[in-house]
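Read the structure below first, then the notes.
Quick look at the structure:
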């Protein structure tokens with residue numbers, strides 16, 4: 001039976017989560033350990049398992065702590081605007097929380113990242129009266145937008161750091177039915193005009209249906 005090994009903590013659970021969040025942000029994936037958190041708290045590593053089933057459980061709580069600490073306290077009342085704001089905040093926070101981003105992109109444990117996504121989106125949609133099966137399908141679409149945006153930002157950042165243009169006429173197939181140079185230019189213009197908010201808003205509006213138009 002997990003979650004009750006070791007003696008109870010002598011400090012608050014919230015304090016442990018706060019310390020873990022800071023250590024993860026400072027040291028990244030390789031530098032984070034239950035032992036490191038325990039040493040700073042002043043307890044044994046086993047004591048942490050009284051409140052956290054495993055390392056990933058603490059990581060998940062640390063991510064949520066980081067997200068909540070930087071999420072605007074006053075989210076929009078409109079359900080569509082609220083869903084777009086929550087998703088945008090999660091995307092931005094993944095940039096500031098490399099460990100969660102690494103795990104998400106690798107597919108190791110998406111619950112660390114998407115636990116927050118599912119919870120907030122589902123609550124907003126449920127409160128608006130959306131059926132459960134519609135929420136589940138729509139959240140999967142929203143999840144894919146978030147994953148795609150995070151990966152796209154990584155690609156864009158790497159290309160920019162290397163001084164490269166993501167699209168060039170040389171990289172496009174010769175069999176294109178239009179001028180490759182013009183295609184490359186249009187793709188670059190499209191990348192600059194792309195808006196993840198518009199995609200999020202489309203999915204949120206479709207999910208909420210009639211509730212989005214009230």
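Residue numbers (full-length UniProt numbering): 1 to 214.
C-beta atoms are modelled at their ideal positions from N, C-alpha and C, and glycine is treated no differently.
Here the structure is a predicted model, which is why all the values come from computation and not from measurement.
Fewer than three beta-carbon pairs drawn from the segment 178-189 and the segment 51-67 are found closer than 8 angstroms, and the two stretches are therefore not classed as touching. Buried is the label assigned to residue 139, since at least 16 other Cβ atoms lie within 10 Å of its Cβ. Within the same chain, Cβ atoms closer than 7 angstroms to the Cβ of residue 84 are found at 197, 200, 201, 204, the five residues on either side in sequence being excluded. DSSP places residue 77 outside both helix and strand once states are collapsed to three, so it counts as coil.
DSSP places residue 32 outside both helix and strand once states are collapsed to three, so it counts as coil. Taking 8 angstroms as the cut-off, the Cβ atoms of residue 40 and residue 19 count as close.
In this structure, the alpha-carbon of residue 57 lies about 34 angstroms from that of residue 159. Counting other Cβ atoms within 10 Å of its Cβ, residue 189 stays below 16 and is therefore classed as exposed. Between the alpha carbons of residue 76 and residue 131 lies a gap of roughly 22 angstroms. With a cutoff of 8 angstroms on beta-carbon distance, residue 155 and residue 87 are scored as not near each other. Ranking 78, 208, 127 by CA distance to the CA of residue 137 puts 208 first. Per the coordinates, the alpha-carbon of residue 52 lies some 35 angstroms from the alpha-carbon of residue 78.
Here residue 49 carries a coil assignment [DSSP, helix/strand/coil].
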